[in-house]
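To keep things clear, I will list the structure first and then write my remarks on it.
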Amino acid sequence: MCGIVGYVGHRQALDVVLGGLHRLEYRGYDSAGVAVLDGAGALRVQRKAGRLANLEAQLDADGRQSFAGTAGMGHTRWATHGPPVDRNSHPHRDAAETVAVVHNGIIENFAELRAELEADGVELTSDTDTETAAHLIARVYATGDTAGDLEASVRTVCRRLEGAFTLVVTHADVPDKVVAARRSSPLVVGVGEGEHFVASDVAAFIEHTREAVELGQDQVVVITREGYEVTDFMGEPAQGKPFTVDWDLSAAEKGGHEYFMLKEIEEQPDALANTLRGHFHNGRITLDEQRLADQDLRDIDKVFVVACGSAYHSGLVAKYAIEHWCRLPVEVELASEFRYRDPVLDRDTLVVAVSQSGETMDTLEAVRHAREQKARVLAVCNTNGAQIPRESDAVLYTHAGPEIGVASTKAFLAQIAANYLVGLALAQARGTKYPDEVAREFADLASTPAAVQKTLATAAQVRALGREIADSKAVLFLGRHVGYPVALEGALKLKELAYMHAEGFAAGELKHGPIALIEQDLPVVVVMPSPKGRAVLHSKLVSNISEIQARGARTIVIAEEGDDAVRPYADSLIEIPATSTLLQPLVATVPLQILAAEIARSRGYDIDKPRNLAKSVTVE
Ligand code: G6P
Numbered sequence: 005m006c007g008i009v010g011y012v013g014h015r016q017a018l019d020v021v022l023g024g025l026h027r028l029e030y031r032g033y034d035s036a037g038v039a040v041l042d043g044a045g046a047l048r049v050q051r052k053a054g055r056l057a058n059l060e061a062q063l064d065a066d067g068r069q070s071f072a073g074t075a076g077m078g079h080t081r082w083a084t085h086g087p088p089v090d091r092n093s094h095p096h097r098d099a100a101e102t103v104a105v106v107h108n109g110i111i112e113n114f115a116e117l118r119a120e121l122e123a124d125g126v127e128l129t130s131d132t133d134t135e136t137a138a139h140l141i142a143r144v145y146a147t148g149d150t151a152g153d154l155e156a157s158v159r160t161v162c163r164r165l166e167g168a169f170t171l172v173v174t175h176a177d178v179p180d181k182v183v184a185a186r187r188s189s190p191l192v193v194g195v196g197e198g199e200h201f202v203a204s205d206v207a208a209f210i211e212h213t214r215e216a217v218e219l220g221q222d223q224v225v226v227i228t229r230e231g232y233e234v235t236d237f238m239g240e241p242a243q244g245k246p247f248t249v250d251w252d253l254s255a256a257e258k259g260g261h262e263y264f265m266l267k268e269i270e271e272q273p274d275a276l277a278n279t280l281r282g283h284f285h286n287g288r289i290t291l292d293e294q295r296l297a298d299q300d301l302r303d304i305d306k307v308f309v310v311a312c313g314s315a316y317h318s319g320l321v322a323k324y325a326i327e328h329w330c331r332l333p334v335e336v337e338l339a340s341e342f343r344y345r346d347p348v349l350d351r352d353t354l355v356v357a358v359s360q361s362g363e364t365m366d367t368l369e370a371v372r373h374a375r376e377q378k379a380r381v382l383a384v385c386n387t388n389g390a391q392i393p394r395e396s397d398a399v400l401y402t403h404a405g406p407e408i409g410v411a412s413t414k415a416f417l418a419q420i421a422a423n424y425l426v427g428l429a430l431a432q433a434r435g436t437k438y439p440d441e442v443a444r445e446f447a448d449l450a451s452t453p454a455a456v457q458k459t460l461a462t463a464a465q466v467r468a469l470g471r472e473i474a475d476s477k478a479v480l481f482l483g484r485h486v487g488y489p490v491a492l493e494g495a496l497k498l499k500e501l502a503y504m505h506a507e508g509f510a511a512g513e514l515k516h517g518p519i520a521l522i523e524q525d526l527p528v529v530v531v532m533p534s535p536k537g538r539a540v541l542h543s544k545l546v547s548n549i550s551e552i553q554a555r556g557a558r559t560i561v562i563a564e565e566g567d568d569a570v571r572p573y574a575d576s577l578i579e580i581p582a583t584s585t586l587l588q589p590l591v592a593t594v595p596l597q598i599l600a601a602e603i604a605r606s607r608g609y610d611i612d613k614p615r616n617l618a619k620s621v622t623v624e
């Protein structure tokens, strides 16, 4: 939610900052803006509502040479306070236009700060919470002990702010420095040769350096050409955590694909293989980080999975595996609801927090609530060192690589695989599976990248189908057992990308209400269980399909190769490779992703940046 980038070095800051913003646009695209320090005491700012392309066009019209300078910063916004118009776009400045601030997060006490500034005669020009920070920093910089000291001024103001924020601050009087601060929102430093970066995500500077430093909670960093310095909000020296990014620029580029999402769908076999790699060693499943004793895992008597969006669906899939393998009750809960209903938690509860970004505020708050109740927390996350894994007792990283398309694809499949590894690790610790059984399940999981690769061969058929049904009013998705969460994910993809009414149902529930929705030619996508693995469910679903077909629905059936029994009921049949029951979601989801992407494309929408959405949602 909101992408921010700052730079000090030997290149033109405008180019570096715009390059970074391109890679951060997935975080929000309601508006964009830049500030460049020209080195001679002037702070040049431009900002524009809408996509980054609007800002770039404005910069061209202004003449980019007027933004010359080697220090600067930029922002791409997902609107929270105030509509996405020019005046609410970042950077925000003080009245004298010497301080510029970009911000990710929400300053919760901004109404009080705003009232205080207004009482002092400050005229605010935007509806944002961010602008208050610009005025406050300018005021503190002008007076008292902190006069003329930008980092001290930022620290002083940060101590007054409540909520979650990453701020990047520049001052016209300090042309060789950019100051940044963070609390509960992401901030990483990029360390180059004679240049330094700050950004929400390493993707912003990966083309310049892979050496990065993760900042801790309540820390301030000052970057210059020569180096960086970290302090806490009180000014005490502090340490960031250096790391080297293990992927390169090509992973963050479209590589000849029209959209990132299409590339990410194709990367799914690798995402799965990389997620599984290294997690089965000497006959044992291992996590990436474990700050828990094995005995703690043995004592677990209940599991909650908390997550949002697609990650939540991955949790719904995991429930079937964890209950089956570990004989433990598993509840799957939307993170945004979890802490508001007083869930029964204690030190024998394991809360599995699943989050691609590791910074989703709903999930983070669920983790915090769980920890307050003494529950153990295990994070499944795709972002090294993000806030959710930092606040957890154990971590399993999905090594899906950077996911830029806003709608999750490869991260979702990687989350299912990672959740299964968590289930196997629990089964192993608790002895509900023998070591050879764990090894067999892992070997089965290790076969899924090839099965997903094979499923990708359905793409042309699925795309043609997508074009045929692109004008439908609505699409329904049905599944049973693990096919039910797959149906939910298929419907979510279609809503997100094609803005179409789409609903997923457990097929058995259809007759209890949703069947009333069936009308002539309504496309209904059905995820069939294996005729061999789940014979009883299979025959029940065949009956469900014949019921909806009799009522005029257009049936689109995703079924295992060789499933001849369903053929007569399928107006369109998409065949996927046979897998064991629990692994079917990893293949069955793939055609649904392709279908949603193609329908969106036929309707002329931007697949990577669906309207109103952002990839990382750092507000509750
Ligand atoms: C947003 C995104 C979804 C994502 C969800 C959870 O709503 O648009 O694609 O599934 O957040 O994100 P997380 O980073 O926690 O997995």
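Residues in the sequence shown are numbered consecutively from 5, following the working numbering. In this text, a Cβ means the ideal position worked out from N, Cα and C, and glycines have one as well.
Item	Value
Residue 431 to residue 467 span [Cα, whole Å]	40 Å
Cα-Cα separation, residue 27 to residue 620	13 Å
CA-to-CA distance, residue 391 to residue 274, given in whole angstroms	25 Å
Residue 286 in three-state terms, based on DSSP	coil
Sequence-ordered residues whose beta carbon comes within less than 6 Å of a heavy atom of the ligand MN	In the structure shown, the ligand MN is absent; the only ligands present are the ligand G6P.
Member of 379, 380, 401 and 381 whose CA lies at the smallest distance from the CA of residue 389	401
Proximal residues to residue 85 (C-beta, below 6 Å), its chain only, five neighbours per side dropped	131, 132 and 133
For residue 165 and residue 119, the rounded distance between their alpha carbons	14 Å
Sufficient close CB pairs (3 or more, under 8 Å) joining the stretch 247-267 to the stretch 202-216	yes
Outcome for residue 517 when other beta-carbon atoms lying within 10 angstroms are tallied against a minimum of 16	exposed
Beta-carbon gap between residue 161 and residue 137 smaller than 8 Å	yes
Unbroken beta strand (DSSP E) run spanning residue 114, endpoints	Where residue 114 is concerned, there is no enclosing beta strand (DSSP E), although the alpha helix (DSSP H) it sits in stretches over 114-123.
Top-ranked residue by Cα proximity to residue 313, from 494, 555 and 19	494
Own chain partners of residue 592 with C-beta closer than 7 Å, once the 5 adjacent residues on each side are dropped	487, 490, 531, 562 and 580
Residue 472, enclosing beta strand (DSSP E) - first and last residue	Taken as a continuous stretch (DSSP letters only), residue 472 belongs to no beta strand (DSSP E), being part of the alpha helix (DSSP H) at 463-473.
Pairwise C-alpha distance: residue 414 and residue 395	24 Å
Rounded separation between residue 4 and residue 340 - CA only	With the chain covering only 5 through 624, there is no way to say anything about residue 4.
First through last residue of the beta strand (DSSP E) which encompasses residue 398	398-401
Beta strand (DSSP E) runs wholly inside the stretch 345-411, at least 3 long, in chain order	353-359, 380-385 and 398-401
Cβ-Cβ distance between residue 73 and residue 34 below 8 Å	no
Residue 471 classed as buried or exposed, judged by whether at least 16 other C-beta atoms fall within 10 angstroms	exposed
Reduced DSSP category for residue 334 - H, G, I as helix; E, B as strand; rest coil	strand
Of the residues 533, 584, 570 and 354, the one placed nearest residue 455, counting alpha carbons only	584
Own chain, CB closer than 6 Å to residue 351, minus 5 neighbours either side, in chain order	378
Cβ-based burial, residue 366 [other Cβ within 10 Å; buried from 16]	buried
Neighbourhood of residue 100 by C-beta distance below 8 Å, restricted to the same chain and skipping five residues each side	142
DSSP bridge partner residues for residue 77 (one or two, in chain order)	10 and 39
Touching by the beta-carbon criterion (3+ pairs, under 8 Å), the stretch 259-271 and the stretch 402-409	yes
DSSP state of residue 31 mapped onto helix, strand, coil	helix
Buried versus exposed, by CB contacts within 10 Å (16 or more), residue 285	exposed
Beta-carbon contacts of residue 498 that lie in its chain and below 7 Å, excluding the five residues immediately before and after	479, 504, 506, 600 and 603
Cutoff 8 Å: residue 183 Cβ touching any chain D Cβ	Absence of chain D from the displayed structure is noted, only one protein chain being present.
Through-space distance from residue 553 to residue 209, alpha-carbon basis	53 Å
Validate contact between the stretch 145-162 and the stretch 46-57 using beta carbons, cut 8 Å, 3 pairs	no
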